[in-house]
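Accompanying notes for the structure given below.
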Amino acid sequence: MKLFEFEAKTILAKYGIPTPNGGLATNTDQARETASKLKSPLVVKAQVLVAGRGKAGGILFAKSVDETVKAAEKILNMQIKGLPVKSVWIEEALQVKRELYFGITTDRFKQSYVAVASATGGMEIEEIAAKSPEKVIKTPIDPRQGLRSFQTRQIAKKMGYTGNQISSLGRTFEKLYAVGMDNDAELIEMNPIVETTDGGFAAADARIIIDDNALFRHQDYKKRLLEGESELTPQEKEARKNDLAYVKLDGDIGIIGNGAGLVMATLDTIQYYGGKPANFLDVGGGASSETTALALRIVLSDPNVKALFINILGGITRCDEVAKGILEAREKVGVTKPTVIRLVGTNEQEGKRILTAAGIHVLDSMEEAAQKIVQIVKEGGE
Amino acid sequence: MGIIIDKNTRAIVQNITGTQGTFHTKLMLQYGTNIVAGVTPGKGGVQIENVPVYDAVEETIKPYSPNASIIFVPAPFAADAALESLSNGIKTVVVITEHIPIKDTIDAMAYAKQVNATVIGPNTPGIITPGECKMGIMPAHVFMQGSVGLVSRSGTLTYEIAASLTRNGLGQSTCIGLGGDPITGLNFIDALKMFAKDPKTEAVVLLGEIGGNLEELTAEYIAREKYPKPVAAFIAGRSAPSGKRMGHAGAIVMGNAGTAESKIAALRKAGVGVAEKPGDLAGLLKKVMSR
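Chains A and B supply the protein sequences, listed in that same order. Just so you know, the first sequence maps onto residues 1 to 382 in our numbering. Just so you know, the second sequence maps onto residues 1 to 291 in our numbering.
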């Protein structure tokens, strides 16, 4: 789950990491009120959960309160990557000497958290790593020790700092690690963390992604993810509440399957044969007719869907029960779109008989079924 | 033979009294897995499928000398359950549970490494050495005894591929689900090292997916070590968009990192045969085996 910049900065400030003075505004009146309490020049920043807001014009500089209000009005009327901007964060502009990068993420191979730093900040760390990998300083973190002071000083030294700045920069790294751990962040970064002209350091931008699996420890975030403004679409929220994994894509073939890997392979196979998947939907193991009905509803709520492909590999689940579940669900939802089902596993013959009798195309192999559904969509119906 | 588990495995089931624990204990027993005891805190003294249940792993050590544990404990408590087995000297731990916080997994893995134990999962279908032992939730009938080692980040896709290998007469030595989480105990390289040493294994199938760079590191390992056995692979998620999690916590392309294209290219460069679609894998494996 992604946090907004203002949420992240508020947490950082609570842990004693210097951040520019600022405030949130959702309309021009609030923008004026916030701006008049701050020291110009100011920066007005769109609060959205997608990357690339700077390039989209979602960050503007303002020399006075009036300019700030104008900038806020402009940004609040914007859409960034299709998302309306609902609030702006207004903060005092920093006197920038140098932009740096510091973040903590996970290292899958080392099975640990890793601190990543670079003396070149302000762009995506992947970009820095691609352009000049020698500038990226990686420090694995032993979970039994955490990120220690001596390690943060070494990082600051490698970034080119000397004297007192080694410890003062190091301390912001330690504090960021504490924020990350306390909030179950799977990614936390200050990008950039800025060295100011007076030799201090401040987080000019901050990003936190909370581990979705840890949200039971952070009920307030969970509530916002599922009910408030978050990176999830309404359909994705509905799916998430019911333990289904749904991702909207831009094609026209609705997909339902069981198991993440199998569903991904199904999308790939459809694409291989020239079709375009409308979504990813994993119903999980042993899906009941209620769950299947909900899955059908979610997939069909996408107006682009012209046909349905259901790919179920009944492992331990019996195929005849799966077949009955699908029929019940189709009736409940009132599915009229052409449907192709691939169903294999225990009792598959009986499962196929039930579905074929109901006029549904049932095929044995994923390849055949994918070809069939692509052909149906191309021909524009049955 | 095969790797990690075999007919000498003496397993315990953690949370044997839960719905999944009880259901799969029955199926594992039917397969012939030697389940010596179950553990559920507070339920000590009962029996599940004639398996005695204890309150703590410690109580099972003296009477049964278990050497493996399978965990069906709910996510908030699962890492603790793994640590309980590891602390009691059990060297093979299979964590079926999905949705364990990554911080908890990292803590447990650090301890597993320290005590030199093998953790499979979390978020795994488990491991099966066909004909000898099954510690997992996979449908046993799709597997057949043989000489192909299978290692995968997925569940149902593993069953799909195993079934097609079996149909094509390619039985399996051991099939391992690494798990769909970003951080897992065992990785592809660990499994490849074990399969290299296993006399029964003649070839290896890797089932990877988007997210992370473990497939790329595996390709480097295969090329560097001139891996002694033929390897074929399939990578799921070519059609996945960037920034979206495809069901598994670990299946996510971040920016340009973790794409299927990058993994496929790296593996092919290392001489691994990579199938275009799942149905092509068995044929491709036969081809690389006859080289």
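Heads up, the beta-carbon is just placed ideally off N, CA and C, and yes, glycines get one too. Keep in mind that this is a model prediction, so the values were computed, not measured.
Status (buried if at least 16 other CB within 10 Å, exposed otherwise) for residue i
i: residue 64 of chain A; result: exposed
i: residue 238 of chain B; result: buried
i: residue 44 of chain A; result: buried
i: residue 1 of chain B; result: exposed
i: residue 303 of chain A; result: exposed
i: residue 331 of chain A; result: exposed
i: residue 130 of chain A; result: exposed
i: residue 216 of chain A; result: exposed
i: residue 382 of chain A; result: Confidence is the limiting factor: at residue 382 of chain A the pLDDT is only 49, short of 50, which leaves the residue's position unreliable, though a coordinate-based value still follows. It is exposed - the Cβ of residue 382 of chain A has fewer than 16 other Cβ atoms within 10 Å.
i: residue 167 of chain A; result: exposed
i: residue 7 of chain B; result: exposed
i: residue 153 of chain B; result: buried
i: residue 14 of chain B; result: buried
i: residue 215 of chain B; result: buried
i: residue 265 of chain A; result: buried
i: residue 139 of chain B; result: buried
i: residue 357 of chain A; result: exposed
i: residue 263 of chain B; result: buried
i: residue 336 of chain A; result: exposed
i: residue 73 of chain B; result: buried
Where residue i falls: helix, strand or coil (DSSP)
i: residue 299 of chain A; result: helix
i: residue 382 of chain A; result: Any reading at residue 382 of chain A must be qualified, since the residue scores a pLDDT of 49, below 50, and its modelled position is unreliable; no value is offered.
i: residue 246 of chain A; result: strand
i: residue 49 of chain A; result: coil
i: residue 238 of chain B; result: coil
i: residue 183 of chain B; result: coil
i: residue 231 of chain A; result: coil
i: residue 150 of chain A; result: helix
i: residue 289 of chain A; result: helix
i: residue 99 of chain B; result: coil
i: residue 141 of chain A; result: strand
i: residue 184 of chain A; result: coil
i: residue 179 of chain A; result: helix
i: residue 324 of chain A; result: helix
i: residue 102 of chain A; result: strand
i: residue 124 of chain B; result: coil
i: residue 288 of chain B; result: helix
i: residue 134 of chain A; result: helix
i: residue 121 of chain A; result: coil
i: residue 309 of chain A; result: strand
i: residue 232 of chain B; result: strand
i: residue 28 of chain A; result: helix
i: residue 147 of chain B; result: strand
Integer Cβ distance of residue i from residue j, believed to fall under 8 Å
i: residue 270 of chain A; j: residue 253 of chain A; result: 6 Å
i: residue 16 of chain B; j: residue 33 of chain B; result: The pair is not a contact, with the Cβ atoms about 13 Å apart (cut-off 8 Å).
Of the listed residues the options, nearest to residue i (C-alpha basis)
i: residue 159 of chain B; options: A:237, A:1, A:261, A:37; result: A:261
i: residue 51 of chain B; options: B:22, B:61, B:130; result: B:22
i: residue 113 of chain A; options: B:211, B:182, B:129; result: B:182
i: residue 315 of chain A; options: B:71, B:27, B:207, B:236; result: B:27
i: residue 29 of chain B; options: B:210, B:194, B:136, B:290; result: B:136
i: residue 55 of chain B; options: B:35, B:81, B:31; result: B:81
i: residue 105 of chain A; options: A:140, A:366, A:201; result: A:140
i: residue 97 of chain A; options: A:250, A:375, A:198, A:28; result: A:198
i: residue 263 of chain A; options: A:39, A:275, A:239, A:309; result: A:309
i: residue 1 of chain A; options: B:236, B:245, B:96; result: B:245
i: residue 242 of chain B; options: B:233, B:231, B:258; result: B:258
i: residue 93 of chain B; options: B:42, B:67, B:102; result: B:67
i: residue 162 of chain B; options: B:37, B:279, B:10; result: B:279
Contacts of residue i in chain D (Cβ-Cβ under 7 Å)
i: residue 75 of chain B; result: No chain D appears in this structure, whose protein chains are A and B.
Check whether the segment 209-223 of chain B and the segment 87-94 of chain A touch, using three or more Cβ-Cβ pairs below 8 Å as the test. Taking 8 Å as the limit for Cβ pairs, the verdict is that the segment 87-94 of chain A does not touch the segment 209-223 of chain B.
**Message:** Between the segment 183-191 of chain A and the segment 152-171 of chain A, can you find at least three pairs of beta-carbon atoms closer than 8 Å?
**Reply:** At 8 Å Cβ cutoff, the stretches do not touch.
Between the segment 138-156 of chain A and the segment 218-230 of chain A, can you find at least three pairs of beta-carbon atoms closer than 8 Å?
No contact exists between the segment 218-230 of chain A and the segment 138-156 of chain A.
Q) Quick one: any contact between the segment 65-79 of chain B and the segment 42-49 of chain B, if contact means 3 or more CB pairs under 8 Å? A) Not touching, per the Cβ criterion.
Say whether the segment 2-10 of chain A touches the segment 207-227 of chain A, bearing in mind that this needs 3 or more beta-carbon pairs closer than 8 Å, one atom from each stretch. Touching, per the Cβ criterion.
Requested in this report: Could you tell me whether the segment 15-24 of chain A touches the segment 168-177 of chain A, where touching means 3 or more Cβ pairs closer than 8 Å?
Outcome: Look at the beta carbons and you see the segment 15-24 of chain A touching the segment 168-177 of chain A: at least three pairs across the two are nearer than 8 Å.
Query raised in the report: Is it true that the segment 121-134 of chain B meets the segment 188-198 of chain B, where meeting means three or more beta-carbon pairs spaced less than 8 Å apart?
Result: As far as the Cβ criterion goes, the segment 121-134 of chain B does not touch the segment 188-198 of chain B, which means the pair count is below three.
- Message: When you compare the segment 198-207 of chain B with the segment 116-127 of chain B, are there three or more beta-carbon pairs, one atom per stretch, that lie closer than 8 Å?
- Response: The segment 198-207 of chain B is not in contact with the segment 116-127 of chain B.
Can we say the segment 272-284 of chain A touches the segment 292-312 of chain A, given the rule of at least three CB pairs closer than 8 Å?
-> Yes: at least three Cβ pairs fall under 8 Å.
Fill in: Given 8 Å, three or more beta-carbon pairs between the segment 163-176 of chain B and the segment 239-247 of chain A
Note that the segment 163-176 of chain B does not touch the segment 239-247 of chain A; fewer than 3 beta-carbon pairs, one per stretch, sit closer than 8 Å.
Count Cβ pairs between the segment 245-252 of chain B and the segment 268-280 of chain B that sit closer than 8 Å; are there 3 or more? Flag = no, the segment 245-252 of chain B and the segment 268-280 of chain B do not touch.
>> For the pair the segment 30-48 of chain A and the segment 67-83 of chain A, tell me if three or more CB-CB distances fall below 8 Å.
In response: Counting Cβ pairs under 8 Å, three or more are found: they touch.
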